[in-house]
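Heads up: the sequence shown begins at 1 in the working numbering, then just goes up one per residue. Below: the structure, in C-alpha cells.
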Amino acid sequence: MAKADKLEVTKRVRQIMEWMLEGHLTNDIIKSCTSKWAIDERMAYKYIKKAKALFIEITAGELKERLAFHIASRMKIFTGIKDKEKPAVPRAALDVLKDIADLEGYYQQKVDITSKGNPIHSQTIEATLTLK
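So, in C-alpha cells, the structure goes:
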C-alpha cells in the first residue's frame, strides 16, 4: 500500500463526509474505504476521525456566523423600538435584550431532573418526607 499524498487524503476525507451525510453506517464506510482505496480498517478509522473533525470545524465557524447574525438582527429590532413612545415598548425592548443575552449564553437553561416535566405537587413532597 502506497502512502496517499495530502490531496488524495483530502479527497478521501471529503468522500467519507459525503457518505456520512448520505446516512451510511460506519461499518459500511469502512468496507467501502478498504475496498475502494486498498487500505486497512485502521486507516479507514483515521479518515473517519478526520471527517468528523472537519465537520466540527466547519460547523463551529458557521455557528459563530449565525450567532453574530441573530444578535445583529435583534440589535436592529431593539434600535427600532427603543425610540417609540408606547406603553408596551419598554417591555418589548427588554424582551429583545433578554433574547440577545440568552443567545450569548448569559442565562442557564433550567433542567428539571425530578418531575419529568410534570408539576411537583406538595402532597408528593410531604409523603416523601414522612416516609423517611
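Beta carbons: idealized from backbone N, C-alpha and C, even for Gly.
**Item:** First through last residue of the alpha helix (DSSP H) which encompasses G80
**Value:** For the purposes of this step, residue 80 is taken as residue 80 along the sequence shown, with counting starting at 1. Residues E41 to I81.
Kindly examine the ligand SAH and report whether one of its heavy atoms sits closer than 7 Å to the Cβ of I39.
This structure lacks the ligand SAH; in fact it carries no ligand of any kind.
- What is the DSSP secondary structure of L25, counted as helix, strand or coil? Within the sequence shown, residue 25 is the residue found at index 25, counting from 1. Per DSSP, reduced to three states, the secondary structure at L25 is coil, with no helix or strand assignment.
| Leaving out five residues before and five after T59 in sequence, what residues of the same chain have Cβ atoms less than 8 Å from its Cβ? | The sequence position of residue 59 within the sequence shown is 59, counting from 1. Cβ neighbours of T59 beyond the five flanking positions: none.
Kindly indicate which three-state DSSP category A38 falls into: helix, strand or coil? As a first step, residue 38 is located in the sequence shown; it is residue number 38 there, counting from the start. DSSP, read as helix, strand or coil, puts A38 in coil.
With distance defined between alpha-carbon atoms, name the residue in M43, S35, L97 and E104 nearest to I77. To locate residue 77, count along the sequence shown from 1; it is residue 77. Looking at the Cα atoms, L97 is the closest of the given residues.
Handout entry: Selected residue, minimal CA-CA separation from M20, among I48, T34, I100 and T79
Key = On the sequence shown, residue 20 is found 20 positions in, with the first residue counted as 1. Ranking the options by Cα distance to M20, first place goes to I48.
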